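Protein chains in written order, with my numbering: chain A, 898 to 1273; chain B, 622 to 950.
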Amino acid sequence: MAAREWNPLDYDVEEGEEEEETPSPSALSSPLPYFDRDRHVAFLEMMYNLMPYHYQSQEINRLTLAFFTISGLHLLQALDRVDKERVADWVLSFQAHPRSKAELNNGQFYGFHGSRTSQLPPDENGVSAHNFGHLASTYCALAILKNVGFNLSTIDKESILISMRNLQQPDGSFMPVHIGAETDLRFVYCAAAICFMLEDWRGMDREKAKEYILNCQSYDGGFGLTPGLESHGGGTYCAVASLRLMGYIEDDLLSKNASSSVVNVPLLLDWCMQRQAADGGFQGRANKPSDTCYAFWIGAVLRILGGYKFIDKVALHRFLLTCQSEFGGFSKYPGTLPDIYHSYYGYTAFSLLEEPGLNPLCAELGMTDLAALGII
Amino acid sequence: MDSDEGDREPLSRRAEWSDVIPLPQDDGPNPVVPIAYKEDFRETMDYFRAIYQADERSPRALCLTREAILANPGNYTVWHFRRLVLQALNADLYEELDFLQQIANSNAKNYQLWHHRRWVIERLGADARAKELELNKEILSRDTKNYHAWSHRRWVLQALGGWEDELDYCHCLLEQDVFNNSAWNQRYFVITRSPFLGGLKAMRESEVRYTVKAILAQPINESPWRYLRGLYKDDIEALVNDPQVFSVCLKVMNTKSNYIFALIMLLDLLCNDFQPSQEFRDAVDALWTSDTHPLDSDLAKAICYILEHVDSLRAGYWMWRKSKLPQAA
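This is the structure in structure tokens:
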């Protein structure tokens, strides 16, 4: 399993050519010419039961690891491997609950913790001083609950939504935790996805968020993670998926001859199309190597816009198979070790390619259509 | 990053920690995706939790957060608590910068580290600016496309200044690697935001000349073509009318090699009412050697058709672009 340090949410920008991850032709046995579903199911089952110690540095994002595993199994039509009730109970135990309605405006976010590591037991007065959630963990929590068919109307969504507004910044962006952290498009996306899943937009000021997103569109048509930053596959996905979820762009824009749009669509489309490299894979930024996960980040943008049909699917399929691991799962580059993040986005990429045996994908939520629609 | 188990003395055997009862993580019944923690990791985090719960903001707590960070650099609660301890101890933040620089190599792409770095610089203010920009260059020298490093660099420039040498720095990076898209992006940032330059419009002519040179050196490089287009953001008419722009398209097409982006730029110009002279028609015709499939009389359509063949990865896209072109009058 991958030994390097990573944070699942960092992955979309972590593209450097670190030594241990450089693809080495000598390490490549000839790739399997087909998507090995059974091996991937076994890989995910293993993760579901026990993750190797290499993932200990990711423990703060345990819910994210769980999301990749469970949603991954769902994509592979293997959700029967999961004890749905047990998972739902486990996820719900991460929710931070306010002691009273008054606490909802104390600045803290009453969403979900990402893991037990910081969910400390309450003191003798029943007070939990470190009782606050994280936006990305909350997105993952709700996404997992949807995957196991849990009825979200039964949770305390009021607390989540009202306290979530505390995380939105004056420029429209979102901070993931109230104690202070970087603000960028990833968390705008998490906020939009949370509101969408809870079917309630009280959690954010959509107009402000839209303004922030538009400020992130670069001179070349893609979106950076913050205004003015280099356009990037992950940033572009967060931007476009958020706009779609919030209702600012319609589905399949390109087929509808929509002449005006809040974003410069022709430039965006052209930028996305140029991201498919000669080796068939997708790169996250111009002049960078192809990486498995961008087959999802960029592929999903194209799907949302109605332009997925333009890509060279055969070439992409071929590239992705070179990243398929003999251990199950997918790696970032051909010939390197697999990890749960690239495995998940490998599965979503194969779903976009309509690989037989995989469930269809809801591009803007990054999980199966079935889960998104609540049909389990 | 695991500490070397051989070197590390367990906290339970260290005298200075003998009064602390470690607080284990309560995984609860039926945990999903349990992690097979190594013993030293588990122990470090158990002691951290104890200190965090007790809110002990002491020198030993500071040391412990360091150990916890090295084991678990993504844990934002550890970083947050470290900040609380630094403040409580009124610690020397220049020493903190040293610590960050020491661990920068193995954590160059860690969001929490960069956020913490920004927090430190915010407190040190303008005095720290020059050194910070230099240290940032060191990190970029190891990976000239490190997204976090660029993001931080931009923040320092905007918050504390130091713009004077930035355009030169971009030029240096581009001399090393003209394909470096991050450096092109930074260049755009500098010309539009630097208080020492006149803004995009004022810089446009000289930047177009710079970009054209880069294009002619490596016409297959996507970055300068995008940059060129970007120089005319919100001013397409000026793009279409700039002789430097349509000339570079012609020049590159006439070399008959690496001309894909030149064709794409010409297509965009045509879609924005560029009126091509016969030279352009001739240059495009010269790129197509088949007699069995003659080119369309409409230049834009002809270009799309060529692109379907020479940029075949995107054949579907070029076919669609062709179908969207206005029918010839």
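Quick reminder that beta carbons are idealized off the backbone N, C-alpha and C, glycines included.
Treat the numbers as computed from the prediction; the structure is a model and nothing was measured.
| Span of the alpha helix (DSSP H), counted from its first residue to its last, around His-971 of chain A | Bounds of the alpha helix (DSSP H) holding His-971 of chain A are 959 to 972.
| query | Are the segment 886 to 901 of chain B and the segment 858 to 877 of chain B in contact at 8 angstroms, needing three or more beta carbon pairs? | reply | yes
| Under the DSSP definition of a beta bridge, which residues are partnered with Leu-1258 of chain A? | Here Leu-1258 of chain A is bridged, per DSSP, to A:Thr-1265.
| Cβ shell of Gly-695 of chain B (< 7 angstroms), same chain only, five flanking positions each side left out | In chain order, Asn-731 and Gln-733 place their CB closer than 7 angstroms to the CB of Gly-695 of chain B, counting only its own chain and leaving out the 5 sequence neighbours on each side.
| query | Counting Cβ pairs closer than 8 angstroms, one from the segment 1030 to 1042 of chain A and one from the segment 1102 to 1109 of chain A, do we hit at least three? | reply | no
| query | If we ignore side chains and look at the alpha-carbon of each, how far apart do Lys-1244 of chain A and Ala-1175 of chain A end up? | reply | Looking at the sequence provided, one finds Tyr at residue 1244 of chain A rather than Lys. Straight across, the Cα-Cα distance linking Tyr-1244 of chain A with Ala-1175 of chain A is about 22 angstroms.
| Would the beta-carbon of His-1031 of chain A fall within 7 angstroms of that of Gly-1011 of chain A? | yes
| In terms of DSSP beta bridges, what is Asp-1081 of chain A paired with? | A:Phe-1071
| message | For the segment 973 to 981 of chain A against the segment 993 to 1008 of chain A, do three or more pairs of beta-carbon atoms, one drawn from each stretch, fall closer than 8 angstroms, so that the two count as touching? | response | no
| So is Cys-684 of chain B buried or exposed if we call it buried at 16+ other beta carbons inside 10 Å? | By the neighbour-count rule (16 or more Cβ atoms within 10 Å), Cys-684 of chain B is not buried but exposed.
| message | Taking 6 angstroms as the limit between beta carbons, can you name the residues of its chain near Ser-923 of chain A, skipping five residues before and five after? | response | Here the model assigns Ser-923 of chain A a pLDDT of 41, short of 50, so the residue's position is not dependable, and the following value carries that caveat. No residues qualify anywhere along the chain.
| query | In this structure, does DSSP put Ser-827 of chain B in helix, strand or coil? | reply | helix
| said: According to DSSP, simplified to helix, strand and coil, what is Ser-868 of chain B? | reply: helix
| said: Would the segment 1125 to 1134 of chain A count as touching the segment 901 to 916 of chain B if we require 3 or more Cβ pairs under 8 angstroms? | reply: The way I'd put it, the segment 1125 to 1134 of chain A doesn't touch the segment 901 to 916 of chain B; fewer than three beta-carbon pairs between them come closer than 8 angstroms.
| task | Report back the beta-carbon spacing between Ile-1091 of chain A and Met-1061 of chain A to the nearest angstrom; my notes put them in contact at under 8 angstroms. | result | 7 angstroms
| field | Interface residues of the segment 1071 to 1093 of chain A facing chain B [CB-CB below 9 angstroms] | value | Those would be Pro-1073, Val-1074, Ile-1076, Gly-1077, Ala-1078, Glu-1079 and Asp-1081, in chain order.
| message | In whole angstroms, give me the CA-to-CA distance for Asn-875 of chain B and Arg-830 of chain B. | response | 19 angstroms
| query | Cα-Cα, which of A:Gly-1144, A:Tyr-1145, A:Leu-1166 and A:Arg-1141 is closest to Leu-1151 of chain A? | reply | A:Leu-1166
| Pairwise C-alpha distance: Pro-845 of chain B and Tyr-880 of chain B | C-alpha separation (whole angstroms): 14 angstroms.
| request: May I ask which residues mark the beginning and end of the alpha helix (DSSP H) holding Gly-1118 of chain A? | output: Segment: none, Gly-1118 of chain A is in no alpha helix (DSSP H) and carries neither H nor E.
| request: Starting from Trp-941 of chain B, follow the alpha helix (DSSP H) in both directions and report where the run begins and ends. | output: 936 to 945
| message | Does chain B have any CB closer than 7 angstroms to the CB of Pro-920 of chain A? | response | Legend: pLDDT at Pro-920 of chain A = 48, less than 50; position of this residue unreliable, value from coordinates given subsequently. Answer no: the Cβ-Cβ gap between Pro-920 of chain A and chain B never drops below 7 angstroms.
| Using a C-beta to C-beta distance shorter than 9 angstroms, which residues of chain A count as neighbours of His-701 of chain B? | Among the residues of chain A, those whose CB is under 9 angstroms from the CB of His-701 of chain B are Val-1074, Ile-1076, Gly-1077 and Ala-1078, following chain order.
| field | chain C within 7 angstroms of Leu-989 of chain A, Cβ atoms only | value | Given the protein chain composition of this structure (A and B), no chain C is represented.
| Around the Cβ of His-736 of chain B, are there at least 16 other Cβ atoms within 10 angstroms (buried) or fewer (exposed)? | buried
| request: Give every residue of the same chain whose Cβ lies closer than 7 angstroms to the Cβ of Pro-995 of chain A, excluding the five residues on either side of it in the sequence, and list them in chain order. | output: Leu-1001, Tyr-1007 and Ser-1056
| request: Would you check if the segment 910 to 923 of chain B and the segment 1180 to 1198 of chain A touch, i.e. whether three or more CB-CB distances between them fall below 8 angstroms? | output: no
| request: Assuming Phe-965 of chain A contacts Ile-1272 of chain A (C-beta within less than 8 angstroms), just tell me the rounded distance between them. | output: 21 angstroms between Cβ atoms; not a contact.
| request: Could you check what DSSP says for Ala-896 of chain B in three-state terms: helix, strand or coil? | output: A small correction: the amino acid at residue 896 of chain B is Gln; Ala does not occupy that position in the sequence shown. Note: Gln-896 of chain B maps to coil in three-state DSSP.
| So which residues of chain B does Glu-1108 of chain A contact, with C-beta pairs closer than 7 angstroms? | Going along chain B, no residue has its Cβ under 7 angstroms from Glu-1108 of chain A, so there is no contact; the nearest lies around 17 angstroms.
| task | For Tyr-853 of chain B, collect the residues of the same chain with a Cβ closer than 7 angstroms to its Cβ; drop the 5 residues on either side in sequence, then sort them by chain order. | result | Ala-859 and Leu-860
| Roughly how many angstroms lie between the CA atoms of Arg-744 of chain B and Arg-775 of chain B, to the nearest whole one? | 17 angstroms
| said: Any C-beta of chain A within less than 7 angstroms: which residues of the segment 902 to 936 of chain B qualify? | reply: Leu-934 and Arg-935
| said: Tell me which residue opens and which closes the alpha helix (DSSP H) that Trp-735 of chain B is part of. | reply: 732 to 745
| field | Unbroken alpha helix (DSSP H) run spanning Asp-986 of chain A, endpoints | value | Element bounds for Asp-986 of chain A: 981 to 989.
| query | How far does the alpha helix (DSSP H) with Met-948 of chain A in it reach, from first residue to last? | reply | First-last for Met-948 of chain A: undefined, no H or E at that position.
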